[in-house]
Ligand SMILES: [Zn+2]
Ligand SMILES: [Zn+2]
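Residue numbers (the working numbering): -16 to 417.
As structure tokens, this is what we get:
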């Protein structure tokens, strides 16, 4: 449901307006219903979705996830049998396999995204929802919800599960696969995590936390002639969506959100240099990531090294077109799309291009959404390294491109994270005023 950017008569108070997190437009506040989700008329950003029974559902689902976490990670995941020899691996062993290969930096990334962030995400959700359910008034609940906002994107169990399926399809032709307890617990863990994340209603949670503190949101009047938050000297916290007065006379470059503690940059243009540096680094690292071998397979004494492209061609030659397409998309097309898309967006901000702004805003949200999926190939390699351990018969090891490829994923994700999409719309404003 598109909402109107119509003028509210008299001074606009905090309870009457909101600011779009995507483009900074001042909008009349509309409560979401079960059938209608308010959408920004300028950038199509979805403003708020109604999630019924958010506290109870988040509590139950995050608890389910936590209960499944230990068996999913520690119980055997898959057993593989080749010519009478069997190896099995748990998810934890797969996650740690990069360290056995001497790939310590990639190992840390896999442990963080596949093991620690998923556990922390579930624990934070459980802590906050349990506190709200029991009516606790603790400061740590606000800290937990703020951390969740930042860690959520780095919890990648959903991608890890797809990697498990790809590994199964990859091994299916050459080995007999047995599914163990860990496999089924892992599916349950991913389902509970995704459901808990989508049950969470952040604005409702923050409102409940404010109510617990007996903290009344001070009414901040907005200038009725102002079109955007910046014109009205208002700043929206991207973490908890609190509206804060940002006086232009302030000398500071950043302030802390009084509700969640998030650092808010008063001039986000300064972060553009960081986005540029990360995108250029990612572009340079794309070459070794794609040209050097990413995996080496030794079988009956002969060793063959394969690049990203070689692996994809093998899938197509073997007739696994669907999987080949998924790996091609996640490992080659998505990183390239992210680099080209972010370059276009950054150029657009630099040159204040005002055409196709809504499309560029949509493209940025898509880049944010798909960014983490490039980790797919890294998880597949980690699983293969821990499962295919048949000595001279057959074994899989990492190769130099693993490190470069992980660095490309990290650089593009951080480039998108450090970019403020509201900058895209600044050109439109300066064109109107000139
Ligand atoms: Zn907007
Ligand atoms: Zn905040």
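All C-beta atoms, glycine included, are put in the ideal place defined by N, C-alpha and C.
As the structure is a prediction and not an experimental result, all values here were calculated from the model.
Option in the options with minimal Cα separation from residue i
{"i": "residue 3", "options": "388, 27, 258 and 190", "result": "27"}
{"i": "residue 338", "options": "407, 211, 377 and 283", "result": "407"}
{"i": "residue 391", "options": "246, 265 and 341", "result": "265"}
{"i": "residue 376", "options": "64, 34 and 11", "result": "64"}
{"i": "residue 128", "options": "140, 139 and 113", "result": "113"}
{"i": "residue 152", "options": "17, 1 and 297", "result": "297"}
{"i": "residue 42", "options": "165, 19, 104 and 148", "result": "104"}
{"i": "residue 481", "options": "381, 340, 411 and 318", "result": "A question about residue 481 goes unanswered here, because the residues of the chain that appear run from -16 up to 417."}
{"i": "residue 203", "options": "411, 410 and -1", "result": "-1"}
{"i": "residue 193", "options": "380, 89, 299 and 242", "result": "242"}
{"i": "residue 424", "options": "220, 74 and 83", "result": "This structure does not reach residue 424, given that the chain is present from -16 up to 417, and the question cannot be answered."}
{"i": "residue 134", "options": "146, 180, 172 and 120", "result": "180"}
Local Cβ density within 10 Å of residue i, reported as buried at 16 or more and exposed below that
{"i": "residue 272", "result": "buried"}
{"i": "residue 162", "result": "exposed"}
{"i": "residue 236", "result": "exposed"}
{"i": "residue 117", "result": "exposed"}
{"i": "residue 331", "result": "buried"}
{"i": "residue 261", "result": "buried"}
{"i": "residue 76", "result": "buried"}
{"i": "residue 283", "result": "exposed"}
{"i": "residue 268", "result": "buried"}
{"i": "residue 402", "result": "buried"}
{"i": "residue 334", "result": "exposed"}
{"i": "residue 352", "result": "exposed"}
{"i": "residue 67", "result": "exposed"}
{"i": "residue -8", "result": "With a pLDDT of 46 at residue -8, under the threshold of 50, the predicted position of this residue should be treated as unreliable, though the coordinate-derived value follows. So residue -8 ends up on the exposed side."}
{"i": "residue 108", "result": "buried"}
{"i": "residue 18", "result": "exposed"}
{"i": "residue -10", "result": "For residue -10, the predicted structure reports a pLDDT of 46, less than 50, and the residue's modelled location is therefore unreliable. A value from the coordinates is still provided. Exposed is the call here."}
{"i": "residue 16", "result": "exposed"}
Heavy atom of ligand 1 within 8 Å of residue i beta-carbon
{"i": "residue 403", "result": "no"}
{"i": "residue 409", "result": "no"}
{"i": "residue 348", "result": "no"}
{"i": "residue 479", "result": "The shown model of the chain, from -16 to 417, leaves out residue 479, and the question about it has no answer."}
{"i": "residue 212", "result": "no"}
{"i": "residue 7", "result": "yes"}
{"i": "residue 3", "result": "yes"}
{"i": "residue 368", "result": "no"}
{"i": "residue 23", "result": "yes"}
Test item: CB-CB of residue i and residue j under 9 Å
{"i": "residue 290", "j": "residue 316", "result": "no"}
{"i": "residue 336", "j": "residue 142", "result": "no"}
{"i": "residue 40", "j": "residue 190", "result": "no"}
{"i": "residue 100", "j": "residue 137", "result": "yes"}
{"i": "residue 150", "j": "residue 308", "result": "no"}
{"i": "residue 6", "j": "residue 132", "result": "no"}
{"i": "residue 258", "j": "residue 345", "result": "no"}
{"i": "residue 247", "j": "residue 239", "result": "yes"}
{"i": "residue 244", "j": "residue 226", "result": "no"}
{"i": "residue 370", "j": "residue 70", "result": "yes"}
{"i": "residue 60", "j": "residue 45", "result": "no"}
{"i": "residue 384", "j": "residue 354", "result": "no"}
{"i": "residue 364", "j": "residue 292", "result": "no"}
{"i": "residue 156", "j": "residue 301", "result": "yes"}
{"i": "residue 321", "j": "residue 295", "result": "no"}
{"i": "residue 280", "j": "residue 389", "result": "no"}
{"i": "residue 166", "j": "residue 111", "result": "no"}
{"i": "residue 37", "j": "residue 182", "result": "yes"}
{"i": "residue 359", "j": "residue 314", "result": "yes"}
{"i": "residue 208", "j": "residue 169", "result": "no"}
{"i": "residue 97", "j": "residue 78", "result": "yes"}
{"i": "residue 362", "j": "residue 94", "result": "no"}
{"i": "residue 89", "j": "residue 270", "result": "no"}
Any non-hydrogen atom of ligand 2 closer than 8 Å to residue i Cβ
{"i": "residue 11", "result": "no"}
{"i": "residue 242", "result": "yes"}
{"i": "residue 457", "result": "This structure does not reach residue 457, given that the chain is present from -16 up to 417, and the question cannot be answered."}
{"i": "residue 394", "result": "no"}
{"i": "residue 225", "result": "yes"}
{"i": "residue 229", "result": "no"}
{"i": "residue 186", "result": "no"}
{"i": "residue 100", "result": "no"}
{"i": "residue 136", "result": "no"}
{"i": "residue 220", "result": "yes"}
{"i": "residue 236", "result": "no"}
{"i": "residue 161", "result": "no"}
{"i": "residue 245", "result": "yes"}
Report the start-end ranges of each beta strand (DSSP E) in the region 227 to 294 that is 3 residues or longer and not cut off at the edges.
237 to 239, 246 to 248, 278 to 282 and 285 to 289
Secondary structure, alpha helix (DSSP H): runs of 4+ residues fully inside the region 47 to 119:
The qualifying runs are 74 to 83, 87 to 94 and 100 to 116.
Could you tell me which uninterrupted beta strand (DSSP E) segments, each at least 3 residues in length, are contained entirely in the region 112 to 190, listed from first to last along the chain?
159 to 162
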